[in-house]
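Asker: Residue numbers (the working numbering): -7 to 267.
The beta carbon of each residue, even a glycine, is placed where N, CA and C say it ideally should be.
As the structure is a prediction and not an experimental result, all values here were calculated from the model.
Provided herewith is a single structure, encoded as structure tokens, for subsequent inquiry.
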Ligand code: AMP
Ligand code: MN
Ligand code: MN
Ligand code: MN
């Protein structure tokens, strides 16, 4: 069975509508797909309808932005209830914080001599409530400041570079509780991408497991095969299950295409076994 538990649509910073995303997943042989838009559940209804027509299993997901000990983390909720009020309200709060952050990002780019980025990023955002760094990245490519979005993040929008601003996201406890209380399971997305040393990673995994977190994303578009093995070992050690997803944002963008997700290393307990 082909499983892909991490993907984005135009309701956050993906390039395809939920229906087009599901269609592409079906064409590429995906049997079980989670739509996990950043801080947003509004794409799930359309995805569900398209999935029913295509005979594909859709998992209601979300990728929540969290600040833990000065580090931004992404926590994925799978099998969440998109109508659960504390989750819906919590995500609405995060989205309104994004608006304020976007203005400060634009100010920072202006100070570096790049004007018009707020309007430019907005032109790339289909969901006006969800301005992401990916939208700013597309504006910077469009205006010739970088060759592609991956190149953008080497010179802009990251700590110490123009366009980056620190931001207060949700707390880890709130995110895990919203997910669990809505009937879902919480997964740490792409753990290898955070600027954490071994000791800090272990602290995070211990806290996450103790507060009811279920799994870590062992296989993701942003891990190397060596990292699959490292994070599989961590999962086992902390009694966590393993997830797998492409983190697909759009054709020709990002790390991996839909369904192009290698199998989990031996010994992992797949988080989707219980779905
Ligand atoms: P935000 O949640 O607004 O901070 O934006 C995070 C998004 O920016 C990610 O989900 C990716 O879509 C994109 N992004 C961040 N870092 C990179 C990177 N190094 N390469 C490509 N895209 C990135
Ligand atoms: Mn994104
Ligand atoms: Mn992420
Ligand atoms: Mn993602």
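Taking Cβ positions, are residue 76 and residue 174 nearer each other than 8 Å?
Answerer: Within the chain shown, numbered from 1, the residue matching residue 76 stands at position 84. Within the chain shown, numbered from 1, the residue matching residue 174 stands at position 182. Against a cut-off of 8 Å, the Cβ pair of residue 174 and residue 76 comes out as a contact.
Asker: Of all residues in the structure, which have a C-beta closer than 6 Å to any heavy atom of ligand 2, taken in chain order?
Answerer: What you get when you keep residues with a C-beta closer than 6 Å to any heavy atom of ligand 2 is 0, 5, 30, 124, 126, 241.
Asker: Near residue 184, which residues of its chain fall below 6 Å by C-beta distance, leaving aside the five closest residues on each side in sequence?
Answerer: Here the question's residue 184 lines up with position 192 in the chain shown. Here the set comprises 215, 219.
Asker: Among 267, 69, 109, whose alpha-carbon lies nearest the alpha-carbon of residue 209?
Answerer: As a position in the chain shown, residue 209 is number 217, starting the count at 1. When each option's Cα is compared against that of residue 209, the closest is 69.
Asker: For ligand 3, is there any heavy atom lying closer than 7 Å to the beta carbon of residue 178?
Answerer: The residue labelled residue 178 in the question sits at position 186 within the chain shown. Flag unset: Cβ of residue 178 not near ligand 3.
Asker: Could you say which of 177, 222, 188, 182 lies nearest to residue 201 if we only look at CA atoms?
Answerer: The count along the chain shown starts at 1 and reaches residue 201 at position 209. When only C-alpha atoms are compared, the closest one is 177.
Asker: Can you grab the Cα-Cα spacing for the pair residue 6 / residue -6, in whole Å?
Answerer: Looking up residue 6 in the chain shown gives position 14. Looking up residue -6 in the chain shown gives position 2. So the alpha carbons of these two residues sit roughly 21 Å apart.
Asker: Would residue 212 and residue -2 qualify as a contact pair, given that the criterion is a beta-carbon distance under 8 Å?
Answerer: For the purposes of this step, residue 212 is taken as residue 220 along the chain shown, with counting starting at 1. For the purposes of this step, residue -2 is taken as residue 6 along the chain shown, with counting starting at 1. Less than 8 Å separates the beta-carbon of residue 212 from that of residue -2.
Asker: Quick test of your reading: residue 48 and residue 94, contact by CB under 8 Å. State the CB separation rounded to the nearest angstrom.
Answerer: Here residue 48 is taken as the residue at index 56 of the chain shown, counted from 1. Here residue 94 is taken as the residue at index 102 of the chain shown, counted from 1. Their Cβ separation, rounded to whole angstroms, is 34 Å, which puts residue 48 and residue 94 out of contact at 8 Å.
Asker: With DSSP collapsed to three states, give me the class of residue 97.
Answerer: Against the chain shown, residue 97 aligns to sequence position 105. In this structure, residue 97 counts as helix in the three-state DSSP scheme.
Asker: Can you give me the C-alpha to C-alpha distance between residue 99 and residue 267, rounded to a whole angstrom?
Answerer: Position 107 of the chain shown, counted from the first residue, corresponds to residue 99. Position 275 of the chain shown, counted from the first residue, corresponds to residue 267. Each residue's alpha carbon lies about 45 Å from the other.
Asker: Starting from residue 56 and walking both ways along the alpha helix (DSSP H), at which residues does that stretch end?
Answerer: Stepping through the chain shown from its first residue, residue 56 is reached at position 64. First-last for residue 56: 49 to 60, but that is the beta strand (DSSP E), not the alpha helix (DSSP H).
Asker: Sort 55, 243, 242, 256 by Cα distance to residue 223 and report the nearest one.
Answerer: As a working mapping, residue 223 is identified with position 231 in the chain shown. Per the Cα distances, 256.
Asker: Going along the chain, which residues of its own chain have a beta-carbon closer than 6 Å to the beta-carbon of residue 230, five neighbours each way excluded?
Answerer: Within the chain shown, numbered from 1, the residue matching residue 230 stands at position 238. Same-chain partners within the cutoff: 197, 201.
Asker: From the DSSP secondary-structure annotation, give me the bridge partner or partners of residue 208.
Answerer: Position 216 of the chain shown holds residue 208. Residue 208 is bridged to 180, 234.
Asker: What does DSSP give as the partner residue(s) for residue 242 in the beta ladder?
Answerer: Here the question's residue 242 lines up with position 250 in the chain shown. For residue 242, which the question treats as bridged, DSSP gives the partners 245.
Asker: Beta-carbon distances below 7 Å to any heavy atom of ligand 3 define the shell here; list its residues in chain order, please.
Answerer: 55, 66, 181, 182, 239
Asker: Does DSSP classify residue 140 as helix, strand or coil?
Answerer: Translated into positions along the chain shown, residue 140 becomes position 148. Reduced to three states, the DSSP call for residue 140 is coil.
Asker: Since residue 248 and residue 235 are thought to touch, with beta carbons under 8 Å apart, how far apart are those beta carbons, to the nearest angstrom?
Answerer: Within the chain shown, the letter at position 256 stands for residue 248. Within the chain shown, the letter at position 243 stands for residue 235. Not really, about 14 Å apart at Cβ, beyond 8 Å.
Asker: For residue 138 and residue 147, what's the separation of their Cα atoms in angstroms?
Answerer: Here residue 138 corresponds to residue number 146 of the chain shown, with the count starting at 1. Here residue 147 corresponds to residue number 155 of the chain shown, with the count starting at 1. One C-alpha to the other measures close to 8 Å.
Asker: Mind checking whether residue 129 and residue 110 have CB atoms under 8 Å apart?
Answerer: Start at 1 with the first residue of the chain shown, and residue 129 comes out as number 137. Start at 1 with the first residue of the chain shown, and residue 110 comes out as number 118. No, these two residues do not count as a Cβ contact at 8 Å.
Asker: Measuring only the C-alpha atoms, how far is residue 206 from residue 79?
Answerer: Here residue 206 refers to the residue found at position 214 of the chain shown. Here residue 79 refers to the residue found at position 87 of the chain shown. Taking the straight line joining both Cα atoms gives about 17 Å.
Asker: Quick check on the burial criterion: 16 or more other C-beta atoms within 10 angstroms. Buried or exposed for residue 63?
Answerer: Numbered from 1 along the chain shown, position 71 holds the residue referred to as residue 63. By the 10 Å Cβ count, residue 63 comes out exposed.
Asker: Taking buried to mean at least 16 other C-beta atoms within 10 Å of its own C-beta, is residue 142 buried or exposed?
Answerer: Translated into positions along the chain shown, residue 142 becomes position 150. Looking at its Cβ environment, which holds fewer than 16 other Cβ atoms inside 10 Å, residue 142 is exposed.
Asker: For residue 109, does the three-state DSSP call read helix, strand or coil?
Answerer: In the chain shown, residue 109 corresponds to position 117, counting from 1. It is helical.
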